[in-house]
Structure formats: structure tokens, C-alpha cells
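Colleague:
Residue numbers (this note's numbering): 3 to 649.
(1) Out of 573, 379, 18, state which residue places its alpha-carbon closest to the alpha-carbon of residue 594.
(2) Compare the C-alpha of residue 650 against each of 631, 616, 614 and name the closest.
(3) Leaving out five residues before and five after residue 67 in sequence, what residues of the same chain have Cβ atoms less than 8 Å from its Cβ?
(4) Does DSSP put residue 95 in a helix, a strand or coil?
(5) Please determine if the segment 38 to 51 and the segment 70 to 80 are in contact, where contact requires at least 3 C-beta pairs separated by less than 8 Å.
(6) Starting from residue 495, trace the beta strand (DSSP E) both ways and give me its first and last residue.
(7) Any idea if residue 13 is buried or exposed, counting beta-carbon neighbours within 10 angstroms, 16 or more meaning buried?
(8) Between 412, 407, 418, 421, which has its C-alpha nearest residue 429's C-alpha?
(9) Using only the alpha-carbon positions, how far apart do residue 216 and residue 135 sit?
(10) Which residues bound the alpha helix (DSSP H) around residue 490?
(11) Looking at the C-beta of residue 426, does it have a partner C-beta in chain B at a distance below 9 Å?
(12) Put residue 586 into one of helix, strand or coil per three-state DSSP.
(13) In whole angstroms, what separates the C-alpha of residue 563 from that of residue 53?
(14) Closest to residue 565 by C-alpha separation, out of 554, 590, 145, 555, would be which residue?
(15) Within a Cβ cutoff of 7 Å, which residues of the same chain sit near residue 659, ignoring the five residues on either side of it in sequence?
(16) For residue 141, which three-state DSSP category applies?
(17) Assign residue 63 to one of three DSSP states: helix, strand, or coil.
(18) Unbroken beta strand (DSSP E) runs of length 3 or more, entirely within the segment 355 to 418: which are they?
(19) Just to confirm before moving on: does the CB-CB distance between residue 392 and residue 405 stay below 9 Å?
(20) Rounded to the nearest angstrom, how far is the Cβ of residue 357 from that of residue 365, given a contact under 8 Å?
(21) What is the residue span of the alpha helix (DSSP H) that residue 466 lies within?
(22) DSSP on residue 575, reduced to helix/strand/coil?
(23) Write down the C-beta distance between residue 620 and residue 601 rounded to the nearest angstrom, noting that I regard them as a contact closer than 8 Å.
(24) Report the option in 585, 410, 15 whose CA atom is closest to the CA atom of residue 606.
(25) If you follow the beta strand (DSSP E) that residue 557 is part of, which residue opens it and which one closes it?
(26) What does DSSP give as the partner residues of residue 10 in its beta bridges?
(27) Output yes or no for whether 9 Å exceeds the beta carbon distance between residue 79 and residue 60.
(28) Among the residues of its own chain, which have a CB less than 6 Å from the CB of residue 388, if the five just before and after it don't count?
(29) Alpha carbon to alpha carbon, what distance is there between residue 456 and residue 423?
(30) Check for me: the beta strand (DSSP E) holding residue 27 runs from which residue to which?
(31) Where does residue 42 fall in DSSP's three states?
(32) For residue 125, count the other beta carbons within 10 Å of its own beta carbon; 16 or more makes it buried, fewer makes it exposed. Which is it?
(33) Per DSSP, residue 76 is paired with what?
(34) Is residue 608 closer than 9 Å to residue 582 when the C-beta atoms are compared?
(35) Measure the alpha-carbon distance for residue 514 versus residue 523 and round it to whole angstroms.
(36) Is residue 516 helix, strand or coil when you go by DSSP?
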């Protein structure tokens, strides 16, 4: 269960510490507290603090505003700890106070070895992960490099095919030019013969122009792909056909004098062949452009593959570097762990972990026993706490305040020092005194027996005599007299006679024989009046207003309250007189502090069918009628116009 820790936080001068926070941080896990959890308490302006603390060990830190945190110490709270101040718990002995320094150092080194071993394990794991990442990156880089090489080969093949296509196209163009020249010569020689020869020459010129266009288109397809080779071959074949047709035209032109129709037919055939050659050249141009686009795309893919391969290579280098660093850190941590383990072994060899004794250092076993005589066990704070609790129940050596029935050894009768005189010692001394003078102290012995051997008899008698009245002449004169004699002596006879006719307070006037005469004698009513019971004037609360022929049910005078219950005013007091006839007086309450209140009256005659009269307002000097004017005040004329019938 929680233990109360409370008190006042003071500095060295006894001044309460203000603006301070007491922070408790758990050093280890207990049955109710988890390690490293933090609790805090804020003392008031007078430095007072109070907190219920669970069982466990805590580090105490003081956080004062404007100053860095201050470590106050470590406290340990047990299940059986008694409430106290923070100073008490900070000053109490802890397990660390009784633990040997060598053991504490050994435990610290063991913890350091465990921590470094854990760190080495983490570094080794990180190194393995980095190595796997490096291998993966290397594989990706190799694949990217292979893809780049393949793309470069494809681009080179495309470029070779384009060059071949361009060469084929250029060769076809040259052949077409040669044949065009031959056709032009045939046309010139046929011109002198007939019109058919001229037409053949014109056809040859057209074939030459078409061949020039084919050569120009073939020159623009320098970057064509391998697919244009077949088209170039086709163009060459058709150019050969054109050459054959030109030769035929030349032969026909030479013999055109006799056969013009045959020459014209040959010229038309040459024109058709030239047109076919131009179409073939156009096809070669288109194929060359397609090959160029394919080659450019292959080059772009090769560049991208090379860039990706470079990126993967850089990532592989980075992963390899991280793996090397992790491996180095793991090796260093392992080295530190081995060094710490060796130091721990050296310390263990030095101290030998032997049991401690009064003359030798070593390991000591803890014990919470409070009745042990062993010199090989160390007391725990729990044992010290139990001993201190027992000490608190003992009386101090200086001026002890004993309670109950304390006992003490009886000293000898000859003792004359600072020994405690017990009852047996006093009795022995008295017997010795009596025995030494029997002739004079026998009477004292008999008197003591008669008094029950009470050593405090004299004190008891004196205390009782102190409460007695001293003897004097008055008491002597009163002694032996009867009651009447005492009354006469004191002079109380007349007082007693008057008291016999006195009224009793407990009757509240109920024992007055003539009450109306009493009221008249004290001036409450005139001599001819009728007495009215005062208790009838007590408020009846809210009285509903009577209407029509309804009369009051109570005879005499009664008083009630007006609270929005049918009267001319909202609030007030009502007095109702009920006899042969009835009457009511209403005194209203003014809504303004200090202002006059309105008053009303009405009546009801003594016949059964009579009804209440209307309420009439009573006017006073402070509450005059609406059209009243003070004496001497000017009264305004109702109108400036003269009334009819008056001059």
C-alpha cells in the first residue's frame, strides 16, 4: 500500500523553497511501479508537500524554476515503511550503502559487457543486411550493363544497315543518270527523222528528270535501316530495265526513218519505265527514314540502359561502403566487449569472490534478521528500519517519561546513592525505622494498618479538607436550626409568601385568573372594550378574495397576504373583520422604496343575499386624489373658449 511522504521543503537558512517541483523516477520495476516512470509533486508557497508513494526505489530530482535540475539522491519505500518526510527517506540506509565497492564495480562491468555485446549483435545484423543489399545492387548493375551492351550492338547493326541502304540507293541513282544520257542521245538522233523521234527524245528527258528525283531522295535516306536494302535492289533492277528501254529507243531512233510508229511505242515504254524508277526511289526514301527512326530509338535505349547501369553501380558502391562501416563497428564493439569481459575476469580474479569477514574483503550475504549474532551477514535497510522502529518505542536516557507500571531492582536497605527507590525498598526502610523504636512507633503501625497502608493518605486528607468551608460564627449560628429557623434567620419569610402567589413562567400567562381585567390593567384595551386574542392576528398566508355574497368563515379579526389573488393591488396585507356584517381593509405594498402605499376598504352588510361593495381607495396627504390641488394653488381652466350661456 502507498506510504505518505510529507513535510516542508526548506533551504539551508530554513526558508521554504518556492516554485519547486519534486520529481520521483522509478529506478527499477516493482509490484506496482514500472521502471523509468516519473511522478511529480508541486509544494505550495509555504514549501509544504504531501504525496502517497508506492513501494519501490526512486531517484529524487528537484526542479527549481530558473535553475538546472538538482539530483537530491535515491530513496527506497518498503511495504512496512512508516510515513515521514523526504529528508527521512533520503537519509535512510539503502542496499547500496552496505554493498562492497568491488561488488558494485563488478556489477557495473557486467552490465557494460552485456550492453556492448548487445550493441555488437545489432551491428553484426546491420552488417549482414548491408551485405545483402550490396549483393542485390551488384546483380542489378550487372543486368543493366548487359542490357546496355545489347542495346549498343543493336544500334550499331542498325547504323550498318542504314549505310548499306544509302550506298545501294546512290548506285541506283548513278545507273539511272547514265541511262538517261543514252536516252537523250537517242532522242537527238531521232529528232531529224520524224515527229515520233522527237516524242521519244521528250520521253527520255522525262525519264532523266525522274532519275534525278530518285537520286535526290536516295541521298536524303543516308540514315535508313537494313529494311531499305531490298527496296534499293528493286530500284536497281528497275533502273536496269530503264537502261534496256533506252537502248531500244536509241536503236529505234536510228531506224526511225522507215518505222516512226515503232519508235513512238519505244519512247512510251521508256517513259513508263522512268516513272516506275521514280516510284521505287520514293519507296527507298520512306524506308530509309524508318530505319533512321529505329536507329535513333535504339541509341536512346542504349543511353538509358547505360545511365541505369551507372546508378546501380553507384548504389552498389554505397551499400558496400555501409557494409564495410557496419563490419568495422561490429568488430570494434566486439573488441570492446572482449576487453570489458577480460577486465571483469581480472577483477573477479583479484577479489576471488570470497566471503567477506572482519579482516578480509569479499562478497557478503544480506540478511533482514534483527536477532542474528552472525558476523558474516550484512544488514539490509529493512532490518535497519525494523531496529529503528523498535528504538523509537524506547524512552531516552536523559529524563525518561515512564508510563504504565515500570519495574526496577530493589536496592539494599543500606543504599544511599542514586538507586531507584522501589515500593519494597520504602516498606523495608519503614519497618527498619519502626523496629528501631518500638515503644514510640507502635501507634503509627496501628494507624497505618487502619489507613490501609496508604502512603498518600496525608495528601488525600489535605485535598478533601481543601474543599471544605472554613469554620466561622455564621455557620456556628446556623448549625442545629430547623428549616423554619433558617428561613427566619436569613429573613426569607416574606419573599416565600410572595412567591406562593407568583405566576409560573411555564404557563405563558395561562394561570392569570382575570385575563380581560389583566389586559385592561396593562393598557392594551380601553375600559369598555372587548379583549381580542392576540394569536388570531397571525398571518393566514395568501387569502383568496371573496366575491359575490360569499362571506368569511372565521369570526373576529384575521390577517392574510395578497399575492396576485384577486385584490385591487398585486401585493399587500388584508385585514378581514367578520361579525354580524363584514369589512376588509387592504394596505398595498408600494413598488418604489419609500413611496406611499395605496389603501382600500369595502364592506358586506348582515343579510344573507347581500354582496360585497366595490373597493374604495383611501386618499391621504401623501396619496391625494388625481384632481386635487393644494390650498392656494392655481387651477387651470379646462378650455380657453367661453362656455355657452356665459358672457
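In this text, a Cβ means the ideal position worked out from N, Cα and C, and glycines have one as well.
Modeller: The short version:
(1) Among 573, 379, 18, the Cα nearest to that of residue 594 belongs to 573.
(2) Residue 650 lies beyond the residue range present for the chain, which begins at 3 and ends at 649; the question has no answer from this structure.
(3) Only 21, 22 meet the Cβ criterion.
(4) DSSP places residue 95 in coil when its eight states are reduced to three.
(5) Too few Cβ pairs lie closer than 8 Å, so no.
(6) From DSSP, residue 495 is part of no beta strand (DSSP E) but of the alpha helix (DSSP H) over 495 to 502.
(7) Looking at its Cβ environment, which holds fewer than 16 other Cβ atoms inside 10 Å, residue 13 is exposed.
(8) When each option's Cα is compared against that of residue 429, the closest is 412.
(9) In this prediction, residue 216 has a pLDDT of 49, which is less than 50 and means its spatial position is unreliable; what the coordinates show is noted afterwards. If I take the Cα positions, the gap works out to 59 Å.
(10) Residue 490 -> alpha helix (DSSP H) spans 485 to 492.
(11) In summary, chain B is missing from the structure at hand, where a single protein chain is found.
(12) In the structure shown, residue 586 sits in a strand (DSSP, three-state: E or B).
(13) Here the C-alpha atom of residue 563 lies approximately 60 Å from the C-alpha atom of residue 53.
(14) The residue with the shortest Cα to Cα distance from residue 565 is 590.
(15) This structure does not reach residue 659, given that the chain is present from 3 up to 649, and the question cannot be answered.
(16) Looking at residue 141 - three-state DSSP - the assignment turns out to be helix.
(17) Residue state, collapsed to three classes: strand.
(18) Counting whole runs of 3 or more residues, the segment 355 to 418 contains the beta strand (DSSP E) stretches 367 to 369, 379 to 381.
(19) For the 9 Å CB-CB criterion, residue 392 and residue 405 do not form a contact.
(20) For residue 357 against residue 365, the beta-carbon gap comes to about 6 Å, under 8 Å, which counts as contact.
(21) Per DSSP, residue 466 belongs to the alpha helix (DSSP H) from 459 to 468.
(22) In the structure shown, residue 575 sits in a strand (DSSP, three-state: E or B).
(23) A Cβ-Cβ separation of about 4 Å places residue 620 in contact with residue 601 under the 8 Å criterion.
(24) Of the candidates 585, 410, 15, 585 places its Cα closest to the Cα of residue 606.
(25) Counting along the chain, residue 557 falls outside any beta strand (DSSP E), and DSSP gives it neither H nor E.
(26) Under DSSP, residue 10 takes part in a beta bridge, and its partners are 50.
(27) Their beta carbons are under 9 Å apart, which means residue 79 touches residue 60 by this criterion.
(28) Correct list, in chain order: 372.
(29) About 17 Å.
(30) Taken as a continuous stretch (DSSP letters only), the beta strand (DSSP E) holding residue 27 covers 22 to 28.
(31) Strand, per DSSP.
(32) Residue 125 comes out buried.
(33) Under the DSSP definition of a beta bridge, residue 76 partners with 61.
(34) Residue 608 sits close to residue 582, with the two beta carbons spaced by under 9 Å.
(35) In this structure, the alpha-carbon of residue 514 lies about 12 Å from that of residue 523.
(36) Reduced to three states, the DSSP call for residue 516 is coil.
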